Amino acid sequence: VTIKNGTVDISGANFDERNGIFNFGGNVAGGNTMTIEDVKFYGDGFNSYSVFWIAKSADGQAPNTLNLVDSKFELKNLAEIGGFIKHPSAGENCSAINITNTEIDIENGARLFLYGAYNIKDSEISFVDTTGEANGLRQGQFTIDNSKITISGGDKGISPRYANTVIKNGSV
Numbered sequence: 114v115t116i117k118n119g120t121v122d123i124s125g126a127n128f129d130e131r132n133g134i135f136n137f138g139g140n141v142a143g144g145n146t147m148t149i150e151d152v153k154f155y156g157d158g159f160n161s162y163s164v165f166w167i168a169k170s171a172d173g174q175a176p177n178t179l180n181l182v183d184s185k186f187e188l189k190n191l192a193e194i195g196g197f198i199k200h201p202s203a204g205e206n207c208s209a210i211n212i213t214n215t216e217i218d219i220e221n222g223a224r225l226f227l228y229g230a231y232n233i234k235d236s237e238i239s240f241v242d243t244t245g246e247a248n249g250l251r252q253g254q255f256t257i258d259n260s261k262i263t264i265s266g267g268d269k270g271i272s273p274r275y276a277n278t279v280i281k282n283g284s285v
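Throughout the sequence shown, residue numbering follows our numbering, covering 114 to 285 in sequence.
Structure below.
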């Protein structure tokens with residue numbers, strides 16, 4: 114699935130707290146890809162477990178992939194359990210999340226990234242929590258290349274699960 118060249122408003126969306134607004138990859142064989150390219154997302158006040166929920170494949174083998182490319186996300190006031198990207202677990206077959214030349218600005222959310230294998234390149238990410246229990250980059254593996262990530266508020270900034278997290282090329 115590819116969403117390209119547009120604007121998406123998710124303000125006021127109300128979804129089951131166990132799913133995401135964009136939920137893909139479950140109940141089918143793995144190897145699925147969703148690409149968001151040159152899209153502006155915005156939202157203020159929505160109730161969902163996450164914006165992107167990347168389920169494990171039905172066979173539990175082949176990972177799925179989410180690509181965020183040349184896009185901008187401006188999100189405010191996520192539900193108390195709300196997050197941006199969530200994958201159900203970490204490990205060998207976790208999904209790849211590729212964020213390239215993308216700006217993500219989240220204000221008042223509980224979670225930014227949870228589980229998965231993240232490749233963040235040439236991007237800027239700002240996550241401001243006012244819920245008090247926020248998790249920034251958590252329980253995944255992260256490669257951060259030439260990017261700026263600002264996390265404030267909450268109790269966890271970057272807490273990777275695997276030793277192979279890499280921060281390089283002037284990233285902060």
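Cβ coordinates follow ideal geometry from the N, Cα and C atoms, glycine included. A quick note: this is a predicted structure, and the numbers were derived from the prediction, not measured.
Assuming the contact rule is C-beta atoms closer than 8 Å, residue i and residue j should be a hit. Round their C-beta distance to whole Å, please.
i    : j    : result
K199 : G133 : 7 Å
I262 : S208 : Contact flag wrong, Cβ pair sits at about 20 Å.
E220 : K189 : 5 Å
S239 : N259 : The Cβ separation is near 16 Å, so there is no contact.
F135 : V182 : No, F135 and V182 are not in contact; Cβ-Cβ is about 15 Å, not under 8 Å.
If you draw a straight line from the alpha carbon of residue i to that of residue j, how long is it in whole angstroms?
i    : j    : result
F197 : F226 : 6 Å
Q252 : I210 : 14 Å
I257 : G125 : 32 Å
I292 : Y162 : With the chain represented from 114 up to 285, any question about residue 292 goes unanswered, as that position is not in the structure.
G228 : L191 : Contrary to the premise, residue 228 reads as Tyr rather than Gly in this sequence. For Y228 and L191, the distance between alpha carbons rounds to 19 Å.
K169 : P176 : 7 Å
N282 : S236 : 12 Å
T278 : Y231 : 9 Å
D242 : G144 : 33 Å
Is it right to say residue i is buried, meaning 16 or more other beta carbons lie within 10 angstroms of its own, or is it exposed?
i    : result
K117 : exposed
N127 : exposed
S265 : exposed
For the beta strand (DSSP E) holding residue i, just list the boundary residues, first then last.
i    : result
K189 : K185 to L191
Y162 : Counting along the chain, Y162 falls outside any beta strand (DSSP E), and DSSP gives it neither H nor E.
T120 : T115 to D122
Y231 : A230 to K234
D258 : Q254 to D258
G133 : G133 to F137
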